[in-house]
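The numbering of the sequence shown is the working numbering, which starts it at 1356 and goes up by one. Where a beta carbon is used, it is the ideal one built from N, C-alpha and C, also for glycine.
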Amino acid sequence: PFDLEKDPLTRITLFQKADGSQIFLYVAHHIISDMWSLAIFMYELNQIYSANGQNNLPPIEFSYLDYARQMNRELAGKTGKRHLKFWRERLADPLPILNLHTDKPRPPIQTYKGLTETAKVDSATRKKLEKLAEQHGTTLYALLLSAFKVLLHKYTAQNDIIIGTATTGRTKPEFAPLLGYFVNPVALRSDVRDDKPFTAYLAEMRDIVLDALEHQDYPFNLLVEQLKPRRDPSRTPVFQVMFVYQKAYLLHESGMSGLAVAEEGGSMKLGDLTLESIAIEDRVVPFDMTMLMAEVDDGLGASLQYNTDLFETESARRLLDRFMFLLSEIAEHSEKRIGEYTLMDAGEERKLLALLNNREEHYGDIPSIHAAFEELVQKDPERTAVVLNDKSVSYGALNARANKIARLLCEKGVKTDDIIGLSLRRSPEMIAAILGILKSGAAYLPLDADYPAERIRYMAEDAGVVCILSDNETGPQLNIENIPLINIDTDIREDLPDSNPNCSMTADNLVYVIYTSGSTGKPKGVMVSHRNLYNLARAQIKTFRITEKSRLLQFASISFDAAASEIFTTLLSGATLVLIDKATQASGLELMDYIKKQNISVSTLPPSVLRVLPAEQLGSIETLISAGETLTPDLAEKWCAGRYMINAYGPTEGTVCASAHGFTEIAGDTVSVPIGEAIDNVRLYVLDATLSPVPPGVPGELFIGGMGVARGYLGRPDLTAERFLPDPFSSQPGSRMYRSGDLVIINRQGKLIFLDRLDQQVKIRGFRIELGEVENQIKNNPQVKDALVLAYGDRDKKLAAWVVPEDAASFDKNTLIFDLHKILPDYMVPGVVIALEAFPQTANGKIDRAALPRPEAQRRQFVKAETEQEQQLVEIWQEVLQLEEVGIHDNFFDLGGHSLSIVQVQNKISEELEKEVNIVDLFRYPTINALAKYLSGGGNGKETIEKSQDRASKAKDAAARAAQMRARVQRRKP
């Protein structure tokens, strides 16, 4: 390494080898040289060498100092203002972050450790690409750049993409012969969309590149200072990926440009002398990734530099190979739309589909759910089926009670595929009622008594229920005209037979209807068949390692499809189902005690519940299933110790569970816990916008096929046709696949990783919520002119609403929340409501979500320094940042700080406070308050970047909870 204070910034060494050959080593620090400078050096060395050491080169008329002075003059004048105006418009907020999926957790402070992978485009492909570029009036560079952006679009599923590229910086001919660092990166922003023809996108990129080159003289570091983007110490600002195209402008030697891509054995002629390149591995990378390309002897060289703290070599190699494949596809089929390009051939597609779908199990004739249950009853009727607190019911008694309920329903004319509402307190009677409904040939529709009356009425009427089963507790709360109620506490007569009724039905008849949130403002009913549920139960019995001795906790609300999974996976395995009352379920300590007392061995719990329970005190749980929300690696590590843990995934339309990932330990550098692979008889496809499979590492939408695909949406043939599509990958006639709307990737081990939703759907405490439904209900409120609802929080997600009131002076948040509780379940009511005069907008007129007030941290008030040390730090910040006022809770980077100014702060702290602090700690403690406590040794007072951003959330959440509580109290008053 160079010591910039002492060493010369160039080194020249000539090594003499034993065979008489020589190695010429030229090393220059990058701050005084660039690729153009290297070409000049080699060119002039050739001239001197050819002249036998005589220097006949013409004199240099300008120096690098002349260049610097001229640039400073231009930047201070109209030219600089014109450049800045252009870049401000081109890089208007919000700036997108390129979200490449990483193999390792992103370090909180950016690192620069890297490696390089190389590849080559053959001569024939290069010629086709050059011809294509010429036909469209652009350069090979612009074409390669466009292709690379298409690759990043496919790897991130993002449209708005910014990448950096290097410009020569030599915009004036007088600076062409100078040695020095002239390169200036520029940010190239473009919109990459699947429906756009590649040639049309190429034309757009040509214009974008030409515009950027016209304004390349504005220094990038100065631009960052002016833009003041939100700083994240783990990433470079503005762009995180670079594309560089090297060309030997003076020597016209492909061997020269080959040096840029670390090509081993590249050669070039210097008169009678032949030079060969020796590749030296570059282990320092300034960005997440940099793609370097150069013209080499008979093709194009490609070199991918990647950060090894983010990516494994295998992933980098795959990305580079996919790029080579994409270039060959573009060369052959330039007329395609961007979405039509695939990143693998047909043979690889077949292998991938076979890898994902190898879980076929043959059950023979599939019985109805209740017939399968009756078989178990015959084998051991005395075995305990259901437990609640100290009460237990055997399989035989449960079956007998269900038969009586079924007989009554049949007396009342219930027929196959009728739908019966179920609104019962959690008890063994509820389980018997569900079985009784199925034995009558009907399907059940759960109606949670805690739901608002309007929602219950809508679901019952929309489903066309023929009657509702209720009890003494829930019946009085139901008031739905023209729908009869049957009270199982009083209406089930003793004279009803308790033998199994003989009801003719098939596995394709309905077993239940579950309503899920709908984007149009009304929930929609999902129809699930006996075949769907039977396969789920059988698959989960195997996957969850359930035996007759297992004791399963029935935790989920009956209105949630997970309850059906818990109930029937238990009752079709001969195990014991342990019910829990709501009061016990709501208390973390009581829940923990109940699990221990009941000796629960298998349980499905959402991550939000796992976070508040002590893993070490629940040793009875042998198999723990996490579902309904994203399972984070830290939570997985805490809970998997000493037990078998499963991260399960599945939508209601895929019958609860479509995939699962089982594990007993988790690697420390895990970024995302996989959702695993398909359960038995379920097929999974990761597809692009054209319904073509995507390769591992590339995001795609998850489609679910096989025996788990539900019948569709009740009374919604249009929506059913939109979401349930013919399955082109199945050999079974009439097969369908469900479009999940979930963005996933296949990792290096062939497991699925959940990334995000493609629409406005979120999950709160395991419940699926369409944000559009909540927004529509808020917009229907007379107080509100417009509304936007979003989920926030990385782990335990919550809802927040931003509203534009009809009358700001009279607007009352508490009244709005109260009104919402009348029509929405509690989990769908936003906990935070923020009133605005108008929504902030982007340059193209859309709501600027990044500019919305953050729900977890409303803008903090100015707090002045209290201690002498805080005051000293404030003065340092004011001087460095040239600000008149700095509060002790202001964030350094929010005030315009950057990596260079933080070095100034470091030096001033050392000089004026006589304290040593490293750069990493200055990034880590970005407020005066946090830094002062750190410098004073107050470790307990540390305020990291995350804490400084979230510090105001407690007060805000407390206020929101208080408002919710007031609304609940008002709702419950008679």
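If you run the structure through DSSP and keep just helix, strand and coil, what is residue i?
i: ILE2243; result: coil
i: CYS1995; result: helix
i: HIS2016; result: strand
i: ILE1789; result: helix
i: MET2000; result: strand
i: GLN1377; result: strand
i: ILE1950; result: helix
i: PRO1801; result: strand
i: GLY1408; result: coil
i: PHE1915; result: coil
i: PHE2338; result: Nothing in the structure corresponds to residue 2338, since the chain is present only between 1356 and 2329.
i: ASN1401; result: helix
i: ILE2300; result: Because ILE2300 carries a pLDDT of 40, less than 50, the predicted location of this residue cannot be relied on, and the following value inherits that uncertainty. Residue state, collapsed to three classes: helix.
i: PRO1356; result: coil
i: SER1723; result: coil
i: THR1629; result: strand
i: LYS2153; result: strand
i: ARG2214; result: Any answer about ARG2214 is weak, because its pLDDT of 40 lies below 50 and its placement is not dependable; what the coordinates show is given next. In this structure, ARG2214 counts as coil in the three-state DSSP scheme.
Among the candidates the options, whose CA atom is the shortest distance from the CA of residue i?
i: GLN2087; options: ILE2100, VAL2099, ILE2119, ASN2036; result: ASN2036
i: ASP2330; options: ILE1395, PHE1598, ALA1649, GLY1654; result: With the chain running from 1356 to 2329 in the structure shown, residue 2330 is simply not present.
i: VAL2229; options: VAL2260, ILE2202, ALA2003, VAL2159; result: VAL2260
i: ASP1846; options: SER1782, ARG1756, HIS1385; result: ARG1756
i: LYS1794; options: PRO1801, GLY1776, LEU1764; result: LEU1764
i: SER1905; options: SER1956, GLU1360, ILE1950, THR2075; result: SER1956
i: TYR2182; options: ALA1970, ASP2245, LYS2118, CYS1822; result: LYS2118
i: HIS1456; options: LEU1675, ASP1916, SER1670, ASN2262; result: SER1670
i: LEU1369; options: LEU2154, LEU1380, ILE1838; result: LEU1380
i: ASN2135; options: ILE1811, LYS1877, TRP1391; result: LYS1877
i: THR2170; options: PRO2050, ASP2097, PRO2137; result: PRO2137
Spatial neighbours of residue i within its chain, please: CB distance less than 6 Å, with the 5 preceding and 5 following residues excluded, ordered by chain position.
i: GLY2352; result: Because residue 2352 is not part of the residues shown, which for the chain are 1356 to 2329, the question remains open.
i: GLN2233; result: VAL2241
i: TYR1496; result: TYR1600
i: ILE1786; result: VAL1741
i: ARG2123; result: THR1871, SER1872
i: ALA1808; result: none
Need the endpoints of the alpha helix (DSSP H) that residue i sits in, please.
i: PRO2072; result: 2072 to 2078
i: MET1597; result: It is not in any alpha helix (DSSP H) - MET1597 instead sits in the beta strand (DSSP E) that spans 1596 to 1601.
i: MET1648; result: Taken as a continuous stretch (DSSP letters only), MET1648 belongs to no alpha helix (DSSP H), being part of the beta strand (DSSP E) at 1644 to 1651.
i: ILE1685; result: 1668 to 1687
i: PRO1962; result: 1962 to 1965
i: GLN1892; result: The displayed chain sequence assigns Ala, not Gln, to residue 1892. ALA1892 -> alpha helix (DSSP H) spans 1885 to 1898.
i: ARG2112; result: That residue, ARG2112, is in no alpha helix (DSSP H); its beta strand (DSSP E) goes 2107 to 2112.
Can you tell me where the beta strand (DSSP E) holding residue i begins and where it ends?
i: SER2095; result: 2091 to 2101
i: GLU1472; result: 1469 to 1476
i: ILE2119; result: 2116 to 2119
i: ILE1869; result: 1865 to 1871
i: ILE1563; result: Note, ILE1563: premise wrong, no beta strand (DSSP E); alpha helix (DSSP H) at 1553 to 1569.
i: ASP1515; result: 1515 to 1522
i: CYS1822; result: 1822 to 1825
i: ASP2141; result: 2139 to 2147
i: GLU2266; result: Per DSSP, GLU2266 belongs to no beta strand (DSSP E) and is neither H nor E.
Excluding five sequence neighbours on each side, which residues of the same chain lie with their C-beta closer than 7 Å to the C-beta of residue i?
i: ALA2033; result: LEU1711, ASN1712, ARG1714, ALA2013, SER2014, LEU2039
i: PHE1923; result: ILE1724, LEU1888, ALA1892
i: ALA1818; result: ILE1774, LEU1800, VAL1868, GLY1880, LEU2069
i: LYS2140; result: VAL2159, PRO2160, GLU2161
Round the Cβ separation of residue i and residue j to the nearest angstrom and send it over; I've been treating them as touching at under 8 Å.
i: MET1860; j: LEU2069; result: In fact, because the Cβ distance is near 18 Å, the residues do not count as touching under 8 Å.
i: MET1646; j: GLY1656; result: Contact doesn't hold; Cβ gap of about 11 Å is too wide.
i: GLY1535; j: ILE1387; result: 6 Å
i: ALA1567; j: VAL1596; result: Not really, about 16 Å apart at Cβ, beyond 8 Å.
i: LYS1759; j: LEU1851; result: 4 Å
i: ALA2164; j: ILE2133; result: No, ALA2164 and ILE2133 are not in contact; Cβ-Cβ is about 19 Å, not under 8 Å.
i: LEU1506; j: ILE1516; result: Not really, about 10 Å apart at Cβ, beyond 8 Å.
i: GLY2055; j: VAL2099; result: 7 Å
If you drop the 5 nearest sequence neighbours on each side, which residues of the same chain put their C-beta closer than 8 Å to that of residue i?
i: GLU1399; result: LEU1412
i: GLN2224; result: LEU2268, ALA2287, LEU2290, SER2291
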